[in-house]
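Here's the structure, in structure tokens; my notes come after.
In this note's numbering, the protein residues as written are 534 to 665.
Given below as structure tokens:
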């Protein structure tokens, strides 16, 4: 069965961002830099992240530094949605992700029966959090 998984691109701060997400979500984190690649690589990108993955019991988030384009642009076409299993979990993750970011809708009880909130984290990634 096909699955969709998020793969984030960063403009040189992938390791910093994924370390931040590990603090928010927990889990196992691994990464590979371009210098570990058999491809010929310019010196200025050798230490950049070619591939990284953060995985816990319910989440798999992958990311890399976009060295081909040298910059990334934040857009509004994609928002990552997290469905949390408890009130404590949604509060903890929302608090963590919002550090240094911008809350666009504080966590609140909704008319559809869920606790819900939205934010843009300090790396420009948009998040929606929901707990039934």
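Note that beta-carbon positions come from the ideal geometry of N, C-alpha and C, so glycine has one too.
Proximity to residue 543 across 549, 593, 599, 665 peaks at 599, based on C-alpha coordinates.
Per the C-alpha coordinates, the member of 649, 651, 595, 589 positioned closest to residue 541 is 595. Ranked by Cα distance from residue 663, the first of 580, 633, 657, 621 is 621.
When 618, 576, 567 are compared, the shortest CA-CA separation from residue 592 is found for 618.
Pairing residue 583 with residue 589, the inter-Cα distance amounts to about 21 Å. Selection 657, 566, 616, 646 evaluated against residue 636 yields 657 as nearest (Cα-Cα). Measuring C-alpha to C-alpha distances from residue 616 to each of 610, 626, 607 identifies 626 as the nearest. In the structure shown, residue 581 adopts coil according to DSSP, grouped into three states. For residue 586 and residue 638, the gap between their C-alpha atoms comes out near 28 Å. By the Cβ rule, the region 544 to 552 counts as touching the region 560 to 576, because three or more pairs are nearer than 8 Å. The DSSP assignment places complete beta strand (DSSP E) segments of no fewer than 3 residues inside the region 571 to 629 at 582 to 588, 593 to 598, 613 to 617, in order along the chain.
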